[in-house]
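K.L.:
Number of protein chains: 2
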Amino acid sequence: MDLTGSLELLWGDRPGPRRGPKPALTHELIARTGIAIADAEGLAAVSMQRVAADLGFTKMSLYRYVPGKSELVALMADLAMGTPPADLGEGDRFARLRAWALGLLPGFVRHPWVLEATTGPRVIGPNELAWMEAALAVLDGAGLGGAERMDVLAVLAGHVRNIAQQAATAPGGDAGTQFGAIVAEVVRERGDRYPAVRAALAEAAGGGEDEALGFGLDLILDGLRARIGDASPTRARPGADPTQS
Amino acid sequence: MDLTGSLELLWGDRPGPRRGPKPALTHELIARTGIAIADAEGLAAVSMQRVAADLGFTKMSLYRYVPGKSELVALMADLAMGTPPADLGEGDRFARLRAWALGLLPGFVRHPWVLEATTGPRVIGPNELAWMEAALAVLDGAGLGGAERMDVLAVLAGHVRNIAQQAATAPGGDAGTQFGAIVAEVVRERGDRYPAVRAALAEAAGGGEDEALGFGLDLILDGLRARIGDASPTRARPGADPTQS
DNA sequence: CCTAACTGTGTCCATCGGAAGCAGTTCTAT
DNA sequence: ATAGAACTGCTTCCGATGGACACAGTTAGG
Chain A
654 MDLTGSLELL
664 WGDRPGPRRG
674 PKPALTHELI
684 ARTGIAIADA
694 EGLAAVSMQR
704 VAADLGFTKM
714 SLYRYVPGKS
724 ELVALMADLA
734 MGTPPADLGE
744 GDRFARLRAW
754 ALGLLPGFVR
764 HPWVLEATTG
774 PRVIGPNELA
784 WMEAALAVLD
794 GAGLGGAERM
804 DVLAVLAGHV
814 RNIAQQAATA
824 PGGDAGTQFG
834 AIVAEVVRER
844 GDRYPAVRAA
854 LAEAAGGGED
864 EALGFGLDLI
874 LDGLRARIGD
884 ASPTRARPGA
894 DPTQS
Chain B
654 MDLTGSLELL
664 WGDRPGPRRG
674 PKPALTHELI
684 ARTGIAIADA
694 EGLAAVSMQR
704 VAADLGFTKM
714 SLYRYVPGKS
724 ELVALMADLA
734 MGTPPADLGE
744 GDRFARLRAW
754 ALGLLPGFVR
764 HPWVLEATTG
774 PRVIGPNELA
784 WMEAALAVLD
794 GAGLGGAERM
804 DVLAVLAGHV
814 RNIAQQAATA
824 PGGDAGTQFG
834 AIVAEVVRER
844 GDRYPAVRAA
854 LAEAAGGGED
864 EALGFGLDLI
874 LDGLRARIGD
884 ASPTRARPGA
894 DPTQS
């Protein structure tokens, strides 16, 4: 598991060649081609061959730009994530965190493969780090420790990821591949052994549609409010660590 | 993406052959061999060839038991998850949910590849459904709707997954592949553009070690407590939906 | 018995990620 | 101006992968 390649590719200010033919491709063009394939046919359909073919080049040409496939996928994922919204609204800390989390969803929904691509040890890219920065800025001066601020992020982002994963459908057609639907199908004939699951599904079937995202966010943010209180978002609480900027 | 194979493999009460030679292998033995490989060398090292070789059989023999590799991985994942603890302790609802979530962690830590194996559309297996049942039973009669009960699960389990993913190290040696360490390395030279991240990292470096799991669980459970109150765990609150069993 | 059902295996194939070396092109140093 | 260094895209080649298919041996039920 060598991550230096991804690190240099994602973060390297590349010097730019001074001799030789002009490069016909760019990292971004290659990554966008891969993204288009992954969006349409899933991450498994992304091969060096396929990306190169869609670009009208040979497979080995890509290796002039990208050290390997995993690095290409990392590039795709960071690009697909996009940049965080410049403005999170005028509300208090919790409203802005809510807006941040909600803004995270469309990227995951439009590019479900990002979930697969960002599991396991990996290098964080500029866009992902910008998202992290945006949320940490909201938590600045809230009386939380550094690790705690990171943890709040992780919980929020993790919830959005989960929702996106549940909502990941096979856009080609059968909605039966939804996780909830699969669970329902499994439980339908074996409900006796899983009464609580059956009851929850039966209730959920009649109720509202897609409150999962908001419900979870409210849960987490309510817990946060109980912990840090409704302190003014722009002033640090007394006793906050003065070492933070 | 055909999931019927996984469904039948994970859930099928197979009729059992009545003629022909006795099968020399079992689903469980094959899956356990795959689990051993994945634990030691990662999910990428699990190939049909490799699993068969470790069993002393030919690659194609496995296809007599398993329809394909993805189904084998699904079997491995469900088996590695294990069964939920029979007893979640004597505390109130929140303490038992906490115990449930904490009990989820060791499986993920011992088998980090399960995180990769369980992203994307998939079929839920018996063990995973048993975990779901255990937590839903705790939430029974708490005055939550069916979908809300599922959402609470998703938030809790998602948090544990996140923590496990962050804690996933390369056991071979270099701890530099930890996500936090990678972030720190990236930010070290680019901290000016990410001041909030830098501040959080600087604070976190000096502080305590691994409070992330407990902190997040407290956050979520505090939010839950704020929502449903400290109602008696064994009696439904007035106004609870009577359609639930 | 003898045939249907089932086992494990050997062979074959398309595809994958990637290494190595090639000829052509362009910039820089002389 | 010119030689060589640097760079491009390409061709060729390789081992490994997941899987289709047909085959011979083995067992149990009619």
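Protein chains in written order, with the working numbering: chain A, 654 to 898; chain B, 654 to 898. Glycine included, every Cβ here is placed at the ideal spot set by N, Cα and C.
Using the rule of at least 16 other Cβ atoms within 10 Å of the residue's Cβ for burial, across every protein chain shown, is residue 842 (chain A) buried or exposed?
P.N.:
Along the first sequence, read from residue 1 onward, the residue named residue 842 (chain A) stands at position 189. Residue 842 (chain A) is exposed by the Cβ-count criterion.
K.L.:
Excluding the 5 residues preceding and the 5 following residue 827 (chain B) in the sequence, name in chain order all residues of the same chain whose CB lies nearer than 7 angstroms to its CB.
P.N.:
Residue 827 (chain B) sits at position 174 when you count from the first residue of the second sequence. Confidence at residue 827 (chain B) is low in this model, with a pLDDT of 42, below 50, so its placement is unreliable and the value that follows should be read with caution. Contacts found: none.
K.L.:
Rounded to a whole number of angstroms, what is the C-alpha to C-alpha distance between residue 806 (chain B) and residue 780 (chain A)?
P.N.:
Position 153 of the second sequence, counted from the first residue, corresponds to residue 806 (chain B). Position 127 of the first sequence, counted from the first residue, corresponds to residue 780 (chain A). Spanning the two alpha carbons is a distance of roughly 29 angstroms.
K.L.:
Whose C-beta lies closer than 6 angstroms to the C-beta of residue 720 (chain A) among residues of the same chain, with five residues either side of it excluded?
P.N.:
Along the first sequence, one-based indexing puts residue 720 (chain A) at 67. Answer for residue 720 (chain A): 658, listed in chain order.
K.L.:
Evaluate residue 672 (chain B) with the Cβ neighbour count: other Cβ atoms within 10 Å of its Cβ, from every protein chain shown; 16 or more gives buried, anything less gives exposed.
P.N.:
Here the question's residue 672 (chain B) lines up with position 19 in the second sequence. Exposed, since its Cβ has fewer than 16 Cβ neighbours within 10 Å.
K.L.:
Along the chain, where does the alpha helix (DSSP H) that runs through residue 832 (chain B) open and close?
P.N.:
Against the second sequence, residue 832 (chain B) aligns to sequence position 179. 832–843 is the span of the alpha helix (DSSP H), which, as asked, contains residue 832 (chain B).
K.L.:
Cβ atoms of residue 835 (chain A) and residue 865 (chain A): under 8 angstroms apart, would you say?
P.N.:
Within the first sequence, the letter at position 212 stands for residue 865 (chain A). Within the first sequence, the letter at position 182 stands for residue 835 (chain A). Contact: no.
K.L.:
Between which two residues does the alpha helix (DSSP H) containing residue 695 (chain A) stretch?
P.N.:
Sequence index remark: in the first sequence, residue 695 (chain A) carries index 42 (1-based). Segment: none, residue 695 (chain A) is in no alpha helix (DSSP H) and carries neither H nor E.
K.L.:
Report yes or no: is there a C-beta of chain A within less than 8 angstroms of the C-beta of residue 664 (chain B)?
P.N.:
On the second sequence, residue 664 (chain B) is found 11 positions in, with the first residue counted as 1. Yes, residue 664 (chain B) lies at the interface with chain A (some Cβ there is under 8 angstroms from its Cβ).
K.L.:
Applying a beta-carbon distance threshold of less than 7 angstroms, which residues of chain A neighbour residue 668 (chain B)?
P.N.:
Walking along the second sequence from the start, residue 668 (chain B) turns up at place 15. Per Cβ cutoff of 7 angstroms: no residues; residue 668 (chain B) is ~16 angstroms from chain A at best.
K.L.:
Please name the residues in the segment 773–793 of chain B whose beta-carbon is closer than 7 angstroms to at least one beta-carbon of chain A, in chain order.
P.N.:
Those would be 773, 774, 776, 777, 782, 785, 786, 789, 790 and 793, in chain order.
K.L.:
Is residue 669 (chain B) buried or exposed, if buried means 16 or more other CB atoms sit within 10 Å of its CB?
P.N.:
Here residue 669 (chain B) corresponds to residue number 16 of the second sequence, with the count starting at 1. The residue is exposed, with fewer than 16 neighbouring Cβ atoms inside 10 Å.
K.L.:
Do residue 704 (chain A) and residue 872 (chain B) count as a contact pair if the criterion is CB distance below 8 angstroms?
P.N.:
Taking the first residue of the second sequence as 1, we reach residue 872 (chain B) at position 219. Taking the first residue of the first sequence as 1, we reach residue 704 (chain A) at position 51. No, the pair does not count as a contact, with Cβ atoms beyond the cut-off.
K.L.:
Quick one: which chain B residues come within Cβ less than 9 angstroms of residue 717 (chain A)?
P.N.:
Looking up residue 717 (chain A) in the first sequence gives position 64. Ordered by position in chain B, no residue passes the 9 angstroms Cβ test against residue 717 (chain A), which lies about 25 angstroms from the chain.
K.L.:
If you reduce the DSSP assignment to three classes, tell me which class residue 777 (chain A) lands in.
P.N.:
In the first sequence, the residue the question calls residue 777 (chain A) occupies position 124. Coil at residue 777 (chain A), not helix or strand.
K.L.:
Report yes or no: do three or more beta-carbon pairs, one from the segment 685–698 of chain B and one from the segment 739–749 of chain B, lie closer than 8 angstroms?
P.N.:
Not touching, per the Cβ criterion.
K.L.:
Got a sec? Which residues, its chain only, sit under 7 angstroms from residue 761 (chain B) by beta carbon, not counting five neighbours each side?
P.N.:
In the second sequence, residue 761 (chain B) corresponds to position 108, counting from 1. Contacts found: 767, 768, 813, 814 and 817.
K.L.:
If we require 4 or more residues per run, which alpha helix (DSSP H) segments fall completely within the segment 726–769 of chain A?
P.N.:
Correct list: 746–763.
K.L.:
Can you name the start and end residues of the alpha helix (DSSP H) that residue 712 (chain A) belongs to?
P.N.:
Position 59 of the first sequence, counted from the first residue, corresponds to residue 712 (chain A). Segment 712–715, the alpha helix (DSSP H) holding residue 712 (chain A).
K.L.:
Looking at residue 663 (chain B): is its Cβ nearer than 8 angstroms to the Cβ of residue 727 (chain B)?
P.N.:
Start at 1 with the first residue of the second sequence, and residue 663 (chain B) comes out as number 10. Start at 1 with the first residue of the second sequence, and residue 727 (chain B) comes out as number 74. It is a contact, given that the beta carbons lie within the stated cut-off.
K.L.:
Starting from residue 771 (chain B) and walking both ways along the alpha helix (DSSP H), at which residues does that stretch end?
P.N.:
Mapped onto the second sequence, residue 771 (chain B) falls at position 118. Per DSSP, residue 771 (chain B) belongs to no alpha helix (DSSP H) and is neither H nor E.
K.L.:
Comparing the C-beta of residue 873 (chain B) with each C-beta of chain A, is any distance below 8 angstroms?
P.N.:
Translated into positions along the second sequence, residue 873 (chain B) becomes position 220. So yes, residue 873 (chain B) belongs to the interface.
K.L.:
Could you say which of A:717, A:736 and A:682 lies nearest to residue 707 (chain A) if we only look at CA atoms?
P.N.:
For the purposes of this step, residue 707 (chain A) is taken as the residue at position 54 of the first sequence. Among A:717, A:736 and A:682, the Cα nearest to that of residue 707 (chain A) belongs to A:682.
K.L.:
Do you know whose CA, among A:715, A:711, A:656 and A:665, lies nearest residue 684 (chain A)'s CA?
P.N.:
Looking up residue 684 (chain A) in the first sequence gives position 31. Here the closest residue by C-alpha is A:715.
K.L.:
Helix, strand or coil: which one does DSSP assign to residue 722 (chain A)?
P.N.:
In the first sequence, counting from the first residue as 1, residue 722 (chain A) sits at position 69. Three-state DSSP puts residue 722 (chain A) in a helix.
K.L.:
Name the chain B residues that come within less than 8 angstroms of residue 818 (chain A), Cβ to Cβ?
P.N.:
Counting from one through the first sequence, the residue named residue 818 (chain A) turns up at place 165. Those are 772 and 773, listed as they occur along chain B.
K.L.:
Shorter than 8 angstroms from the beta carbon of residue 864 (chain A) to some beta carbon of chain B?
P.N.:
Reading the first sequence from its first residue, position 211 is the one you call residue 864 (chain A). It does; some Cβ of chain B falls within 8 angstroms.
K.L.:
Taking C-beta pairs closer than 7 angstroms, name the residues in chain B that residue 845 (chain A) reaches, listed in chain order.
P.N.:
What you label residue 845 (chain A) is simply residue 192 of the first sequence in a count that begins at 1. In chain order: nothing, as chain B lies at least about 11 angstroms away.
K.L.:
Quick one: what's got a C-beta closer than 6 angstroms to residue 709 (chain B)'s C-beta in the same chain, skipping five residues either side?
P.N.:
Stepping through the second sequence from its first residue, residue 709 (chain B) is reached at position 56. Around residue 709 (chain B): no qualifying Cβ.
K.L.:
Could you check the C-alpha separation between residue 676 (chain B) and residue 799 (chain A) for me, to the nearest Å?
P.N.:
Looking up residue 676 (chain B) in the second sequence gives position 23. Looking up residue 799 (chain A) in the first sequence gives position 146. Rounded to whole angstroms, residue 676 (chain B) to residue 799 (chain A) spans 57 angstroms at the Cα level.
K.L.:
When we look at the beta-carbon of residue 811 (chain A) and count the other beta-carbons within 10 Å, is it buried (16 or more) or exposed?
P.N.:
For the purposes of this step, residue 811 (chain A) is taken as residue 158 along the first sequence, with counting starting at 1. So residue 811 (chain A) ends up on the buried side.
K.L.:
Check residue 883 (chain A) in the structure and name its three-state DSSP category.
P.N.:
The count along the first sequence starts at 1 and reaches residue 883 (chain A) at position 230. In this structure, residue 883 (chain A) counts as coil in the three-state DSSP scheme.
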